[in-house]
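Structure first, then comments.
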Amino acid sequence: MTLQLGDTAPDFEADTTLGTIRFHEWLGDSWGVLFSHPKDYTPVCTTELGYTAKLKNEFAQRNTQVIGLSVDALGDHHGWIEDIEATQGARPDFPMIADADRKVSTLYGMLHPNASATTTVRSVFIIDPQKKVRLTITYPASTGRNFNEILRVLDSLQLTDQHQVATPVNWVPGDDVIIVPSVSDEEARQRFPEGWDEQRPYLRVVKQPQ
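Numbered according to the numbering used here, the sequence shown spans residues 110 to 319.
So, in structure tokens, the structure goes:
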């Protein structure tokens, strides 16, 4: 199964380090980041999970819940958490799915047989409060993810959902944004009374709405 942007994220029930959850119910009205790990006790994943734990307040400010997944058993997850805290200085307090039967991995297309016959790739899904998939990124097992980029995308999605703008290349919060072409100049004047920089009729740069 290949999930595409705008698809409804599949619901599932799974055992996690924080108990059994029903995914959609657990998400509630929040945004979600679901990310997979090839295997427990692997070095790159250990650094990723430790860093994600340190970002707890950043995700909370964005009304976002984080959940990890690995194809190993729950007991291994609990032991691995001890290692993560000891080596990374932060203890993951978000749930980690035990997916030994590959049920969730299969639902979300996290198994890429030509990369590995037994483990998941490094998939990331951002899911909005309507349970729609808004971002997918797939990394090879050897490359650690950039969680600052995941936060940046969350900021962009939440900003552009609220205002009829798009974020340009390398945008970070506070930078100028672009008025989307579907907004007429008349409507833009109402939305952005301070004006904009019209570099082309289709490229109208404006200060980021607050």
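Even glycine gets a Cβ: it sits at the ideal position worked out from N, Cα and C.
- [ ] In angstroms with no decimal places, state the Cα-to-Cα distance between Arg298 and Gly304.
- [x] If you take the alpha carbons of Arg298 and Gly304, they lie about 7 Å apart.
- [ ] For Pro152, count neighbouring Cβ atoms within 10 angstroms of its own Cβ and tell me buried if that reaches 16, exposed if not.
- [x] Classification of Pro152: exposed, given that the 10 Å Cβ count is below 16.
Open item on the list: Within a Cβ cutoff of 6 Å, which residues of the same chain sit near Tyr150, ignoring the five residues on either side of it in sequence?
Closed with: Here the set comprises Trp189.
Task: Contact under 8 Å by Cβ, Lys159 with Ala207 - done: The residue asked about is misnamed: residue 159 is Gly in this sequence, not Lys. Not in contact: Gly159 and Ala207 (Cβ atoms no closer than 8 Å).
- [ ] Would you list the residues sitting across from Ser145 in a DSSP beta bridge?
- [x] According to the DSSP secondary-structure assignment, Ser145 is paired through a beta bridge with Leu178.
- [ ] Return the CA-CA distance between Leu216 and Pro119, expressed in angstroms with no decimal places.
- [x] Computed Cα separation, rounded: 7 Å.
TODO: If I'm right that Arg171 touches Trp135 with Cβ under 8 Å, what's the distance once you round it to whole angstroms?
DONE: In this structure, Arg171 and Trp135 do not form a Cβ contact; the two beta carbons are roughly 17 Å apart against a cut-off of 8 Å.
- [ ] Answer with buried or exposed for Pro302, where buried requires no fewer than 16 other C-beta atoms within 10 angstroms of its C-beta.
- [x] Under this definition Pro302 is an exposed residue.
Task: Chain-order list of residues whose beta-carbon lies under 7 Å from that of Thr173 (same chain, five-residue window excluded) - done: These residues qualify, in order along the chain: Ser139, Trp140, Gly141, Val142, Leu263.
Open item on the list: Please state the DSSP three-state secondary structure of Asp306.
Closed with: Asp306: strand per DSSP, three-state reduction.
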